[in-house]
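Q:
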Amino acid sequence: MTTIRLPGLIDPHVHLREPGATHKEDFDSGTAAALAGGFTCVLDMPNNQPPITDAATLQAKQAAACAKARCDYGLYLGAGVDNVTGAAALAPQVVGLKCYLDQTFGPLRLDTLEALVQHAERWPRESPLLVHAESRSMAAAILVAQLTGARLHICHVSRAEEIDLIRRARDKGLAITCEATPHHLFLTAADAATIGAGRSEVRPRLADARDRAALRAHLALIDCFATDHAPHTLAEKGGANPPPGFPGLETALPLYLELVREGLLTLDELVVRTVYNPRRIFSLPEQPDTWIEVDTEAEWVVRGAELHTRARWSPFEGRRLR
146 MTTIRLPGLI
156 DPHVHLREPG
166 ATHKEDFDSG
176 TAAALAGGFT
186 CVLDMPNNQP
196 PITDAATLQA
206 KQAAACAKAR
216 CDYGLYLGAG
226 VDNVTGAAAL
236 APQVVGLKCY
246 LDQTFGPLRL
256 DTLEALVQHA
266 ERWPRESPLL
276 VHAESRSMAA
286 AILVAQLTGA
296 RLHICHVSRA
306 EEIDLIRRAR
316 DKGLAITCEA
326 TPHHLFLTAA
336 DAATIGAGRS
346 EVRPRLADAR
356 DRAALRAHLA
366 LIDCFATDHA
376 PHTLAEKGGA
386 NPPPGFPGLE
396 TALPLYLELV
406 REGLLTLDEL
416 VVRTVYNPRR
426 IFSLPEQPDT
436 WIEVDTEAEW
446 VVRGAELHTR
456 ARWSPFEGRR
466 LR
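Under this note's numbering, the first residue of the sequence shown carries the number 146, and numbering increases by one thereafter.
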C-alpha cells in the first residue's frame, strides 16, 4: 500500500440543493459525499428555490448549512436585476457573487449587460464575480471586468475558444481566474451514448475530443479544479426533460490523480489547484491540522448505488479508479 497525505481539498463549485430540492441532495448528504471524496470545504452555488439573493434567503441557507454540514463550507450570493443596490452589503458573508448570463433558474438570470455592469461597479474588488464559460457571455463579462476593474472567475471552462479568450484577457493584465471540471477533462460527447441520453445532459455540454485535448494541454492556465457537483435523481434524469448536471464529489480526486499519473501535472500542481488557489481566490481561512490520506494503489469500481450522494448514480459508472 502506498499512502500519501494531502491537505483537505476545496471544491469551489457545488450545488447541494438546499433549500428547495432536498430530494436530490442536502447539506448532510452532500457534505458526506464531499468528505468521502477528500473534500473538507465546499462552496455552494446560489441557484436554489428560492434563489439566494438577499439577507433573508442567505440567513435561512446559512442556518440550514450550520445545522447539517459535516465539513467546512462557503456560500455564494446570486446576482439579480432586483438586488443591484443591496448585494454588495452582503459580500462579507459570502465567497463571491454568481452572475448567470445565460439560461438558468428563474430570477437569477441577468438579462441585460447594464445589470452586470452595475453589479461589477458595486461589488468589492477583493471578492470575485463568477460567470459561466459560454463564449459570448464570457466575452461580455471580460469586457465588463476590463471596464470596471472587477475580479472575474470563469466557471467550468470546456472549449478551446474559451481557453483562448482567457489567455488573451490575461495577456492584457485582467484579473481573471478559471476552473475546469473532471467530466470535461475526461469525457466527451462521444461518451453520451454510454452514459445514457438523459444522464449525459450537463451544462456546459460535453465537448468533442479536440476541446478536451485543448483543455488538457492548457492545464497551466486552469487555476482550480471544480466538480460542479449537481445531483439529480435517476427518475428526473430519465424523464422527458432531463435536467442538466452530474454528481461528482466522490469520483473527482481519483480522476485528478489520473492526470498526475499521465504526466499532465505534478502532485504539487494538483494541490495548488485543489487547495491553495481556491483558498486564495475566494479568501478562505486555512484549515489547520486538516488532511486526507489517499491509498494510491487501491483500485475500486464506481457504483452509483454505493455513493454517499443522494443521487446514487455517476457518469463514470463502472469505471475502475484508484
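Think of the CB as a built atom: it goes at the ideal place given N, C-alpha and C, for glycine as much as any other residue.
What's the C-alpha gap between alanine 385 and serine 303?
A: The alpha-carbon atoms of alanine 385 and serine 303 are separated by roughly 26 angstroms.
Q: What would DSSP say about tyrosine 245, mapped onto helix, strand or coil?
A: Reduced to three states, the DSSP call for tyrosine 245 is strand.
Q: Helix, strand or coil: which one does DSSP assign to phenylalanine 391?
A: Of the three classes helix, strand and coil, the one that applies to phenylalanine 391 here is strand, per DSSP.
Q: According to DSSP, is proline 143 helix, strand or coil?
A: Residue 143 lies beyond the range of the chain shown here (146 to 467); nothing can be said about it.
Q: By how many angstroms is the C-alpha of glycine 341 removed from the C-alpha of arginine 350?
A: Computed Cα separation, rounded: 14 angstroms.
Q: Just grab the DSSP bridge partners of glutamate 324 for me.
A: The partner list for glutamate 324 (beta bridge, DSSP) reads Cys369.
Q: Use the C-beta contact count for aspartate 299: other C-beta atoms within 10 angstroms, 16 or more gives buried, fewer gives exposed.
A: Reading the sequence as shown, one finds isoleucine at residue 299 and not aspartate. Buried is the call here.
Q: Which partner residues does valine 159 have in the DSSP bridge list?
A: According to DSSP, valine 159 bridges with Asp189, His374.
Q: Taking aspartate 373 and histidine 264 to be in contact with their CB atoms under 8 angstroms, please state how far apart those CB atoms are, rounded to whole angstroms.
A: 22 angstroms between Cβ atoms; not a contact.
Q: Once the 5 residues before and after leucine 412 are set aside, which same chain residues still bring their CB inside 6 angstroms of it?
A: Here the set comprises Val405.
Q: Below 6 angstroms CB to CB, which residues in the same chain sit around glycine 183 once its five sequence neighbours on both sides are set aside?
A: Closer than 6 angstroms at the Cβ level, and outside the excluded window around glycine 183, lie Leu154, Leu398, Ile437.
Q: Can you find at least 3 beta carbon pairs, one from the region 169 to 178 and one from the region 224 to 233, that sit closer than 8 angstroms?
A: Result no; under three Cβ-Cβ pairs closer than 8 angstroms.
Q: Can you list, in chain order, the residues of its chain with a C-beta nearer than 7 angstroms to that of leucine 180? Leave out the 5 residues immediately preceding and following it.
A: Excluding residues within five positions, the ones whose Cβ falls inside 7 angstroms are Arg215, Cys216.
Q: Across the region 356 to 366 and the region 317 to 336, are there enough close Cβ pairs to call them in contact, namely three or more that are closer than 8 angstroms?
A: Contact holds: three or more Cβ-Cβ distances are below 8 angstroms.
Q: Where does histidine 264 sit, in a helix, a strand or coil, going by DSSP?
A: Three-state DSSP puts histidine 264 in a helix.
Q: Can you find a C-beta in chain C that's less than 8 angstroms from the C-beta of arginine 467?
A: Included in the structure is just one protein chain, with no chain C present.
Q: Are there three or more Cβ pairs, one per stretch, closer than 8 angstroms when the region 419 to 429 is compared with the region 147 to 162?
A: These segments touch.
Q: Assuming the contact rule is C-beta atoms closer than 8 angstroms, alanine 210 and leucine 220 should be a hit. Round their C-beta distance to whole Å, please.
A: Right, the Cβ-Cβ distance comes to about 7 angstroms (below 8 angstroms), so this counts as a contact.
Q: Using a Cβ-Cβ cutoff of less than 6 angstroms, which residues in the same chain neighbour glutamate 163 once the five nearest sequence positions on both sides are dropped?
A: Taken in chain order, the residues that qualify are Asp171, Phe172, Ala209.
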